[in-house]
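The sequence shown begins at 1 in the UniProt record's numbering and counts up by one. Ideal placement from N, C-alpha and C gives every residue a C-beta, glycine not left out.
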Amino acid sequence: MPVDYRKSVLLLILLIGSVAALYGWTSDAEHTQTTQKELDSLRYMLGESLFFDKRLSVTGTKSCATCHNPELAFTDGYRKSPGALADLHFRNTPTLLNVSRQNYLNWANPDVVSLTDQMDGPLFGTQPIEMGLAKKDTAILTKLSSNPSYASALQALFPQPGGHRLNWEEVKALLAVYVRTLNSFASPYDLYKTGDRNAISSSARAGEQLFFSAAYGCSNCHRPPTFGADSTMPMQEQFANVGLYNHGDGNYPAEDQGLYQVTRRVEDKGKFKIPTLRNLQYTVPYFHDGSAADLGEALAVFEQGGRNVTYGPWQGDGRKNSFKHALIRPVKMNTQEKQALLDFLQSLNDTITYSPKRLAIPHEEISGMF
């Protein structure tokens, strides 16, 4: 269920009171440790409140959660998301679940390796405008810092005479504290792997065998536990051209040529970050541009070894794209095998993608961020 913003603020105020009480304690080791945990909890709750706060957009109509909706596994269901001023983004919104286990945080920019750096695009970017805070950032900070509940929380975190005024590095760091707790490893398949043999169907178990087989090769790119690009893989292996387009000489639509736009290496045309296959039930539509409307359509691309676009401005046979990944090749599947693979992918859905009880605060990750 979505966060109740009013309840979140009330809890934040209660926690502020407990933190304030702690300042009167003696500074023995036990009390110091408890104080640190309370402050970490405050950082988490403040980051969560900021995540759902629409004042982080120039129009006051969008929050981070608008495009990263907990009920949709922190995506938004759109092919391409409209920004605060109705500009359409040229890419599909990726899930935020399990980003703490990833080392590249952008569809096609390997230079973005930290959550706080990634946030600069949505917050301040102009091509396209998302939150629209460029040239409005000072006014937004004033609004946030003067909010009574935020002001009290900031004073507890950064005690100083006259109160503390937020800066953008702190806003981004607080948001990162919250986002790093968004983990999703409680799917039926996870239960199955921990010993519950009845957690998934026999068809899903057959699909698992196909997924990890050499003939299908799915797991070469979509590796557990995230079933996406593995952080241990070399950078070039975490981005792939799967043959979605082939306009002219291996081109993708002109406005988004993928990794090539950063590296300028022709062989990087059409390469995008390999996404997670967890929670596909909620993250539709698929691919970097949201061009697959359902799971069957996405699976057909891999079954056929690419996609033949026969209409529109970007016609071309992606199956013949010269920059396509070597493992994207036609795979023969009968009806039973295709259903088994779909059942396996569905077993990776976490049925409760957001729950305060599930999102336990990893104390060791939060400590030291400020």
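| task | In angstroms with no decimal places, state the Cα-to-Cα distance between W25 and T35. | result | For W25, the predicted model reports a pLDDT of 38, less than 50, meaning its position is unreliable; a value from the coordinates is still stated below. Rounded to the nearest angstrom, the two C-alpha atoms are 9 Å apart.
| query | Are H89 and S81 touching if we call contact CB-CB under 7 Å? | reply | yes
| said: Here's the rule I'm using: 16 or more other beta-carbon atoms within 10 Å means buried, otherwise exposed. How should S49 be labelled? | reply: buried
| said: Just to confirm my understanding: we take F370, look at its own chain, exclude 5 residues before and 5 after, and list those with CB closer than 6 Å. What are they? | reply: Low per-residue confidence applies at F370: pLDDT is 40, beneath 50, and the placement is therefore not dependable enough to give any value.
| message | Check whether the stretch 267-279 and the stretch 292-307 touch, using three or more Cβ-Cβ pairs below 8 Å as the test. | response | no
| Straight-line gap, G207 to G306 (C-alpha atoms, nearest Å) | 21 Å
| request: Answer yes or no: do T283 and A73 have a C-beta to C-beta separation smaller than 7 Å? | output: yes
| Using 8 Å as the threshold, is the stretch 50-68 in touch with the stretch 127-134, meaning 3 or more CB pairs across them? | yes
| said: Can you find the residues in the same chain that come closer than 7 Å, C-beta to C-beta, to E267, ignoring five residues on each side of it along the sequence? | reply: F323
| CA nearest to the CA of M119, picked from W168, N220 and T226 | W168
| said: Quick check on DSSP: helix, strand or coil for T95? | reply: coil
| request: Tell me whether D294 is buried or exposed, calling it buried when 16 or more other Cβ atoms sit within 10 Å of its Cβ. | output: exposed
| request: Look at the Cβ atom of L348, then the Cβ atom of S187, and state whether they are nearer than 7 Å. | output: yes
| query | Buried or exposed: where does S146 fall if 16 or more other Cβ atoms within 10 Å of its Cβ makes it buried? | reply | exposed
| said: Per the DSSP calculation, V309 is bridged to which residue(s)? | reply: G316
| message | Is the separation between the beta-carbon of H164 and that of L175 shorter than 7 Å? | response | no
| said: Using 8 Å for Cβ pairs, my map puts N321 next to G258. What's the rounded Cβ distance? | reply: About 12 Å; that fails the 8 Å criterion.
| Taking Cβ positions, are G83 and P148 nearer each other than 7 Å? | no
| task | Kindly confirm or deny that the stretch 327-339 and the stretch 212-228 touch, where touching means at least three C-beta pairs closer than 8 Å. | result | yes
| request: Measure the C-alpha to C-alpha separation of T351 and P70 and round it to an integer number of angstroms. | output: 12 Å
| request: Kindly list the residues whose CB is nearer than 8 Å to the CB of S213, restricted to its own chain and excluding five residues on each side of it in sequence; keep chain order. | output: none
| task | Please name the residue, chosen from K271, F211 and G228, that lies closest to Q236 on a Cα-to-Cα basis. | result | K271
| query | Within 10 angstroms of its Cβ, does T93 collect 16 or more other Cβ (buried), or is it exposed? | reply | buried
| query | What separation, rounded to the nearest whole angstrom, lies between the Cα atoms of V177 and A151? | reply | 18 Å
| query | Nearest-angstrom Cα distance between H31 and E38? | reply | At H31 the pLDDT is 47, less than 50, meaning the model places this residue with poor confidence; the figure from the coordinates comes in the next sentence. If I take the Cα positions, the gap works out to 10 Å.
| R91, buried or exposed, once every other Cβ within 10 Å from all chains shown has been counted against 16 | buried
| query | So, using beta-carbon positions, are Y104 and K273 closer together than 7 Å? | reply | yes
| query | Can H247 and G316 be called in contact, C-beta distance under 7 Å? | reply | yes
| How would you call P159, buried or exposed, if buried means at least 16 neighbouring beta carbons within 10 angstroms? | exposed
| Cβ distance (whole Å) where R55 is taken to contact K143 below 8 Å | 5 Å
| From what residue to what residue does the alpha helix (DSSP H) around D120 run? | L115 to F124
| message | If you follow the alpha helix (DSSP H) that I140 is in, where does it begin and where does it stop? | response | D137 to S146
| said: What does the Cβ neighbour count give for A21, buried or exposed, with the cut at 16 atoms within 10 Å? | reply: Unreliable placement is indicated for A21, whose pLDDT of 44 sits below 50; the coordinate value is still reported in the next sentence. Per the 10 Å Cβ criterion, exposed.
| Which residues in the same chain have their Cβ closer than 8 Å to the Cβ of T126, if we skip the five residues on either side of it in sequence? | A134
| request: Assuming N98 and T226 form a contact by the criterion Cβ under 8 Å, report the distance between their Cβ atoms to the nearest whole angstrom. | output: 5 Å
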